[in-house]
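In this text, residue positions in the sequence shown follow my numbering: the first is -18, and each later residue adds one.
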Amino acid sequence: MGRKTIFFDIDFTLFGEKDGRYFQIPQSTREGIKLLKQNGHVPVICSGRQSAFIKKYFSGMFDSYIALNGAHIVYRGKTIFDLEIPQKRIKELMDIFDKNNFKYIFDGKRSSWARNIPENQKSGVDAIYGIEGFILYDWKPEDVHANRAEFIFSDKSECEKAQA
C-alpha cells in the first residue's frame, strides 16, 4: 500500500461537541490522525476556515492544510499558494457592499475585518470564528490583507436582497 494524502473537513468532521462546548477534538480523532502519520500517510485539512484557526486548534496534528476555501495552501509547514484580494479590489468591493448596506467580513490568514455588523450580532459572529479578538470591527481599508469576502445574513430577506 502506497502513501496516501487524506483530506479532512473541520466542522462536524474533526470537531465535535462535548458538554455543550463546540470546538472539541475527540481523542479518537487525535489517535486516528497520529496513526495515519505513523503509517506514512499525509493528513490534510481542507476547509473554509482561516490559517490562524487551524493553527490554534490543530497545532501539532497537521502541517499541511488548504484554508480559506483554497486561497491559502500550506504543505509540510510551507506556504505554497496564497491568493490575497488586491487592495484596489478591496476598496471597490467595500463601495458596493457599503452602498447596499451589506454586512460583510473580509477574511485573511491572521485576522478578519467586519463591517456593518450590528452591535447585538457581534458576539454571535465572534463565536462562529472561534478565536477571541480575531475579527476586527474598527479598521481602515488599507489595513485589510484578505483572501476572501463573505456576507452575514440575519434572515432570508437579506440574502434575497444580496442576490437581486
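Glycine included, C-beta positions come from ideal geometry on N, C-alpha and C.
Anticipated Cβ contact below 8 angstroms, residue i with residue j, distance rounded
| i | j | result |
| --- | --- | --- |
| Phe115 | Lys84 | Going by Cβ atoms, the distance from Phe115 to Lys84 rounds to 17 angstroms, so no, they are not a contact pair. |
| Ile6 | Phe(-4) | 6 angstroms |
| Phe4 | Tyr38 | 6 angstroms |
| Leu74 | Ala143 | At roughly 13 angstroms, the Cβ-Cβ gap does not stay under 8 angstroms, so Leu74 and Ala143 are not in contact. |
| His22 | Arg70 | Their Cβ separation, rounded to whole angstroms, is 38 angstroms, which puts His22 and Arg70 out of contact at 8 angstroms. |
Helix, strand or coil at residue i [DSSP, three-state]
| i | result |
| --- | --- |
| Lys(-15) | coil |
| Ala145 | coil |
| Val125 | coil |
| Glu139 | helix |
| Glu12 | helix |
| Leu17 | helix |
| Ile109 | helix |
| Phe(-7) | coil |
| Phe4 | strand |
Distance, residue j Cα to residue i Cα
| i | j | result |
| --- | --- | --- |
| Tyr46 | Asn128 | 15 angstroms |
| Phe78 | Glu139 | 13 angstroms |
| Asp63 | Ser28 | 15 angstroms |
| Lys137 | Leu49 | 24 angstroms |
| Phe(-11) | Gly51 | 13 angstroms |
| Arg11 | Asn81 | 45 angstroms |
| Ala95 | Asn20 | 42 angstroms |
| Thr60 | Gln102 | 34 angstroms |
| Ile(-9) | Glu141 | 28 angstroms |
| Ile112 | Ala145 | 33 angstroms |
| Asp107 | Phe134 | 15 angstroms |
- Quick one: which unbroken beta strand (DSSP E) runs of 3-plus residues sit fully inside the stretch 25 to 104? Chain order, please. As far as the stretch 25 to 104 is concerned, its whole beta strand (DSSP E) runs of at least 3 residues are 46 to 48, 53 to 56, 59 to 63, 85 to 88 and 93 to 96.
- Query: Are at least three pairs of beta-carbons, each pair with one atom in the stretch 25 to 44 and one in the stretch 85 to 98, less than 8 angstroms apart?
  - Reply: The count of Cβ pairs closer than 8 angstroms, one atom from the stretch 25 to 44 and one from the stretch 85 to 98, reaches three, so the stretches are in contact.
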